[in-house]
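Accompanying notes for the structure given below.
Protein chains: 2
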Amino acid sequence: MPSAATNAERFRELHRRHRLFVLPNAWDVPSARIFEDAGFPAVATSSAGVMVSLGYPDGEGIPRAEYLAAVRRIAEKVAIPLSVDIVAGFGPSVADAVETVRQVIEIGGVGVNLEDVDPATERLRPLEAQLERVRAIREYAEAAGVPVVLNARTDALTHGAGTARDRFREAIRRARAYRDAGADCVYPMRLVEGDAIARFLAESPGALNVMVRPGLPTLPELERMGVRRVSFGPAASYAALGLLRRVAADILGARSFERLLDGALTFDELNRLARPAHGSGVAQDVPPSGRARAGPRRSRRPSRRS
Amino acid sequence: MPSAATNAERFRELHRRHRLFVLPNAWDVPSARIFEDAGFPAVATSSAGVMVSLGYPDGEGIPRAEYLAAVRRIAEKVAIPLSVDIVAGFGPSVADAVETVRQVIEIGGVGVNLEDVDPATERLRPLEAQLERVRAIREYAEAAGVPVVLNARTDALTHGAGTARDRFREAIRRARAYRDAGADCVYPMRLVEGDAIARFLAESPGALNVMVRPGLPTLPELERMGVRRVSFGPAASYAALGLLRRVAADILGARSFERLLDGALTFDELNRLARPAHGSGVAQDVPPSGRARAGPRRSRRPSRRS
Numbered sequence: 007m008p009s010a011a012t013n014a015e016r017f018r019e020l021h022r023r024h025r026l027f028v029l030p031n032a033w034d035v036p037s038a039r040i041f042e043d044a045g046f047p048a049v050a051t052s053s054a055g056v057m058v059s060l061g062y063p064d065g066e067g068i069p070r071a072e073y074l075a076a077v078r079r080i081a082e083k084v085a086i087p088l089s090v091d092i093v094a095g096f097g098p099s100v101a102d103a104v105e106t107v108r109q110v111i112e113i114g115g116v117g118v119n120l121e122d123v124d125p126a127t128e129r130l131r132p133l134e135a136q137l138e139r140v141r142a143i144r145e146y147a148e149a150a151g152v153p154v155v156l157n158a159r160t161d162a163l164t165h166g167a168g169t170a171r172d173r174f175r176e177a178i179r180r181a182r183a184y185r186d187a188g189a190d191c192v193y194p195m196r197l198v199e200g201d202a203i204a205r206f207l208a209e210s211p212g213a214l215n216v217m218v219r220p221g222l223p224t225l226p227e228l229e230r231m232g233v234r235r236v237s238f239g240p241a242a243s244y245a246a247l248g249l250l251r252r253v254a255a256d257i258l259g260a261r262s263f264e265r266l267l268d269g270a271l272t273f274d275e276l277n278r279l280a281r282p283a284h285g286s287g288v289a290q291d292v293p294p295s296g297r298a299r300a301g302p303r304r305s306r307r308p309s310r311r312s
Numbered sequence: 007m008p009s010a011a012t013n014a015e016r017f018r019e020l021h022r023r024h025r026l027f028v029l030p031n032a033w034d035v036p037s038a039r040i041f042e043d044a045g046f047p048a049v050a051t052s053s054a055g056v057m058v059s060l061g062y063p064d065g066e067g068i069p070r071a072e073y074l075a076a077v078r079r080i081a082e083k084v085a086i087p088l089s090v091d092i093v094a095g096f097g098p099s100v101a102d103a104v105e106t107v108r109q110v111i112e113i114g115g116v117g118v119n120l121e122d123v124d125p126a127t128e129r130l131r132p133l134e135a136q137l138e139r140v141r142a143i144r145e146y147a148e149a150a151g152v153p154v155v156l157n158a159r160t161d162a163l164t165h166g167a168g169t170a171r172d173r174f175r176e177a178i179r180r181a182r183a184y185r186d187a188g189a190d191c192v193y194p195m196r197l198v199e200g201d202a203i204a205r206f207l208a209e210s211p212g213a214l215n216v217m218v219r220p221g222l223p224t225l226p227e228l229e230r231m232g233v234r235r236v237s238f239g240p241a242a243s244y245a246a247l248g249l250l251r252r253v254a255a256d257i258l259g260a261r262s263f264e265r266l267l268d269g270a271l272t273f274d275e276l277n278r279l280a281r282p283a284h285g286s287g288v289a290q291d292v293p294p295s296g297r298a299r300a301g302p303r304r305s306r307r308p309s310r311r312s
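Chains as they are written, first to last, in the numbering used here: chain W, 7 to 312; chain U, 7 to 312.
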C-alpha cells in the first residue's frame, strides 16, 4: 500500500490539475470498495452516511472514537486516497480539531473536510476562530509529514446573516480566507446553480468542491466552468436506501421481488469486498504501480451461500 | 417497545398462520429501519451483509462481540421482531451456541438462524451434534422466558455426500429431525425450484424458509405451495451495492450522476432512520398498539445538509 505521504500527494495532485474529478463518499467497507474497484481515484467518508449506519444522526453526537473506528475499517481495506469528513473537528477547541486530524492520519486518512458551523450553537463559527483551526490543522499535518488535503466547508450560504446577497458575500469572504490560511479546496454548502458557481469561482478562484444534487450542472459543464471536485455527500446512502424503499413497496404491494435481484451482486462479489482490492491481505506486498483496480482477485474461498 | 416475550410470540405467530410472510434481512440501522417503516412485520440480520459491511467475510471470522455490537445497534432502533443470523453458533461447543443465544436475547433479538456446517471443517456437522445444539437452544430460550424462534438451516443440499438425490434425502432427514428437536422453521439452503420445494414440503411438512434468488417461484406461487417464510439473505446488500456499481459506471463512463439522484432519500429522511420509528428516543413510552410504522415522525431537527 502506498505510504500516507504518497497518498496525500496523489490526492492533492487531483485538486491541482485543470480537470474535474468525482469523489464518491462511502458509508462502510463494501460501499468504499465498490468505488475503488470501479476506478475512482480517491474515496471519502460521508459523515451522515457513516453515522446513520451506526444509529446516530449526522453531527457530533456520535463519540469520536466510534466514528473513527468505522473510518478505520474502511481505511484498512482501500488503497486509494481516503478523505474523512470530521464535521467541525469533534470538540470545542482548536486542539480537539488537531487531535482529530492526528487520529485521521494515524488511521490512514489523507484528507479532511472541516465545516464552519459550531455544533454547540448551530451557528457559523466566527471567521477568526475557524481560521485558527485551518491554520493549526495545516501546521500539524506538515509537521507530521502527511500533507493532508484540507477541504474547508462553509455553511455561510445557509447559516449566514442577512439577505441571500449578504450570505453569498460572506461565503466568498470565508472561501478566500480559508484558502489564504492553507485550505486546499473550499466547499460552499448549497452552492448548486450554474450561475452561482460561476460567480463564486470568479470571485474566489481555486479548487472548489460542489456536491451532487438535483439542479447541479452536468459533469462536463462543471468541468468547463473550472470546478475541480464533485463529491457525493451522503448521496450513495440516499440512493441505496431509496432502492430498498422501492424494493419494500414492490414486495408488500405488488408482491414482486424482481427489483431486489435486478443488477445485484453475487455472494462471491459481496464477500470479496471485505478484502483489500488485491485479496492478499498483505497490503505492503503490493507495489504502488501494480494497483490495478478492476482486475480479478487472487484469494477465493468456498461460498457459504451459493 | 413491546416486551421480548411478546415480540417472540408475535414472530412465532407469523410462522403458524397459513400465509406467507417476507422477512427482509438488513445490514445496518438504516437498512433495518427502511424495512420497518415500509411495514414488514419483522426484520432479520444478514450475517454476510453485516459482516462484510464491517470488513469481514461471511462466517465466524468476525469476533462474536463485534458482530453482536452491530446487531445491538439495529435492535436498539427497531420495534418489530428482530431475528439474528448466528451462523453455526459462534464457537465449537454446544455451550458456545447457547451463550450466543443468551447474548442475542439480551440485545433484544427474538429469533435466530442456526446452520449445520461446522466452520472449522466446512463440512456438515453430524446430525446428532447439531440436534444437541437445537435442543439446548430451545431449552435455554424457554427457561429464559423468551421463546426465541429457531430457524434451522441445513446445507445438506450443497454439502451433503453422494448424488443430488442423496443430498435431498439428507436434507429431508435433517429437516424432520430439527423440527422434532424444537426448530420452529427449517431453511434448506439452495432449495429454489418450485418442484423441489413442493417435494420438500410433502416430505417434511411445517414452516419452511426459502431465500429470494433467481429461479425462485413468485410470492403468490410460494404461498399456494404452503411456504411460510421468504427471507432476503444478503440480497439487500447485493442490490444496494449493485446500484452503486451502476452509479460508478455511469459517472466514470457516461459522466452522468442522474442514477445517483433517481428515487433517492432526502437528508432528513436519512437522518430520521437513525432514530426509532417514533422519534421519541424513549421506546418505553410507546404503547404497543400505537406502533404505526409509516406515519410522520415527531422530532425534527434542523438539517445540516439541506
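Backbone N, C-alpha and C fix where the C-beta goes; we use that ideal spot for every residue, glycine too.
Quick one: which chain W residues come within Cβ less than 8 Å of I40(U)? Within the second sequence, residue 40(U) is the residue found at index 34, counting from 1. The contacting residues are L247, L250, R251, A254.
Going by CA-CA distance only, name the one from V77(W), L163(W), V93(W), T272(W) that's closest to P240(U). Locating residue 240(U) in the second sequence gives position 234, counting from the first residue. Here the closest residue by C-alpha is T272(W).
Here's the rule: buried if 16 or more other CB atoms are within 10 angstroms of the residue's CB, otherwise exposed. What is P293(W)? If you number the first sequence from 1, residue 293(W) lands on position 287. Residue placement at P293(W) is flagged as unreliable, the pLDDT there being 34, under the threshold of 50; the coordinate-derived value follows with that caveat. With fewer than 16 other Cβ atoms within 10 Å, it is exposed.
Name the two residues that bound the continuous alpha helix (DSSP H) containing M231(W). Against the first sequence, residue 231(W) aligns to sequence position 225. Its alpha helix (DSSP H) spans residues 225-231.
Check whether A50(W) and L29(W) have beta carbons under 8 Å apart: On the first sequence, position 44 is the one that residue 50(W) refers to. On the first sequence, position 23 is the one that residue 29(W) refers to. It is a contact, given that the beta carbons lie within the stated cut-off.
Spatially closest choice to Q109(W) from A202(W), I92(W), R39(W), by CA coordinates: Here residue 109(W) is taken as the residue at index 103 of the first sequence, counted from 1. Measuring from the Cα of Q109(W), the nearest candidate turns out to be I92(W).
Residues in the stretch 49-64 of chain U with C-beta within 9 Å of chain W's C-beta atoms, listed in sequence order? So the close ones are S53, A54, G55, M57, V58, S59, L60, G61, Y62, P63, D64.
Using 10 angstroms around the beta-carbon of G114(W), count the other beta-carbons present and answer buried if the total reaches 16, otherwise exposed. Here the question's residue 114(W) lines up with position 108 in the first sequence. G114(W) is buried by the Cβ-count criterion.
Listed by chain order, chain W residues near R261(U) by CB distance under 8 Å: On the second sequence, position 255 is the one that residue 261(U) refers to. The answer, in chain order, is T224, L225, P226.
Is it a yes or a no for the stretch 39-57 of chain W touching the stretch 250-270 of chain W, going by three-plus beta-carbon pairs under 8 Å? no
Taking only beta-carbon atoms, is V35(U) less than 8 Å away from chain W? Against the second sequence, residue 35(U) aligns to sequence position 29. Yes, because at least one Cβ of chain W sits closer than 8 Å to the Cβ of V35(U).
So S243(U) contacts chain W; which residues on that side make the cut at Cβ distance below 8 Å? Position 237 of the second sequence holds residue 243(U). By Cβ distance, chain W contributes P36, L271, L276.
E134(W) - containing alpha helix (DSSP H), residue span: As a working note, residue 134(W) is residue 128 in the first sequence. E134(W) -> alpha helix (DSSP H) spans 133-150.
Between E82(U) and chain W, is there a C-beta pair that is closer than 8 Å? As a first step, residue 82(U) is located in the second sequence; it is residue number 76 there, counting from the start. By this cut-off, E82(U) is an interface position.
With DSSP collapsed to three states, give me the class of F27(W). Counted from its first residue, the first sequence places residue 27(W) at position 21. When DSSP states are grouped into helix, strand and coil, F27(W) belongs to the strand group.
Which partner residues does N119(U) have in the DSSP bridge list? Taking the second sequence and counting its residues from 1, the one referred to as residue 119(U) is at position 113. For N119(U), which the question treats as bridged, DSSP gives the partners D91(U), N157(U).
For Y62(U), which residues from the same chain have a beta carbon less than 6 Å from its beta carbon, with the 5 sequence-adjacent residues on both sides left out? As a working note, residue 62(U) is residue 56 in the second sequence. Counting only Cβ-Cβ distances below 6 Å, and skipping sequence neighbours, we find I68.
M195(W), enclosing alpha helix (DSSP H) - first and last residue: On the first sequence, position 189 is the one that residue 195(W) refers to. Segment: none, M195(W) is in no alpha helix (DSSP H) and carries neither H nor E.
Does the Cβ of A260(W) have 16 or more other Cβ atoms within 10 Å, making it buried, or fewer, making it exposed? On the first sequence, residue 260(W) is found 254 positions in, with the first residue counted as 1. Exposed, since its Cβ has fewer than 16 Cβ neighbours within 10 Å.
Can you give me the Cβ contacts of L60(U) inside the same chain, cut-off strictly under 7 Å, excluding the 5 residues immediately before and after it? As a working mapping, residue 60(U) is identified with position 54 in the second sequence. Only I68, E72, A76 meet the Cβ criterion.
Using the Cβ count rule (16 or more neighbours within 10 Å means buried), how would you classify D64(U)? If you number the second sequence from 1, residue 64(U) lands on position 58. When all chains shown are included, D64(U) counts as buried.
Give me the chain U residues within the contact set of V103(W), using Cβ-Cβ distance strictly less than 8 Å, ordered along the chain. Working through the first sequence from its first residue, we reach residue 103(W) at position 97. Contrary to the premise, residue 103(W) reads as Ala rather than Val in this sequence. The contacting residues do not exist; A103(W) stays about 17 Å from chain U at best.
Would you kindly work out how many angstroms separate the C-alpha atoms of A213(U) and Y184(U), rounded to a whole number? What you label residue 213(U) is simply residue 207 of the second sequence in a count that begins at 1. What you label residue 184(U) is simply residue 178 of the second sequence in a count that begins at 1. Each residue's Cα considered, the two are about 12 Å apart.
Taking the beta carbon of R219(W) as the centre, do at least 16 other beta carbons fall within 10 Å, making it buried, or is it exposed? Taking the first residue of the first sequence as position 1, residue 219(W) is located at position 213. Under this definition R219(W) is a buried residue.
Is F206(U) close to chain W, meaning its C-beta is less than 8 Å from at least one C-beta of that chain? For the purposes of this step, residue 206(U) is identified with residue 200 of the second sequence, where counting begins at 1. No, F206(U) lies away from the interface with chain W (no Cβ there is under 8 Å from its Cβ).
Expressed to the nearest angstrom, what Euclidean distance is found between the alpha-carbon atoms of Q136(W) and D122(W)? Walking along the first sequence from the start, residue 136(W) turns up at place 130. Walking along the first sequence from the start, residue 122(W) turns up at place 116. Their backbone Cα atoms lie some 6 Å apart in a straight line.
Kindly confirm or deny that the stretch 9-27 of chain W and the stretch 229-248 of chain U touch, where touching means at least three C-beta pairs closer than 8 Å. no
Reduced DSSP secondary structure (H/G/I, E/B, other) of V2(U): Look at the range of chain U in this structure, 7 to 312, and you will see that residue 2(U) is not part of it.
Following the continuous alpha helix (DSSP H) through A101(W), name the residue where it begins and the one where it ends. As a first step, residue 101(W) is located in the first sequence; it is residue number 95 there, counting from the start. Per DSSP, A101(W) belongs to the alpha helix (DSSP H) from 100-113.
Note down, in chain order, every chain W residue with its Cβ under 7 Å from the Cβ of R79(U). The count along the second sequence starts at 1 and reaches residue 79(U) at position 73. The answer, in chain order, is L60, G61.
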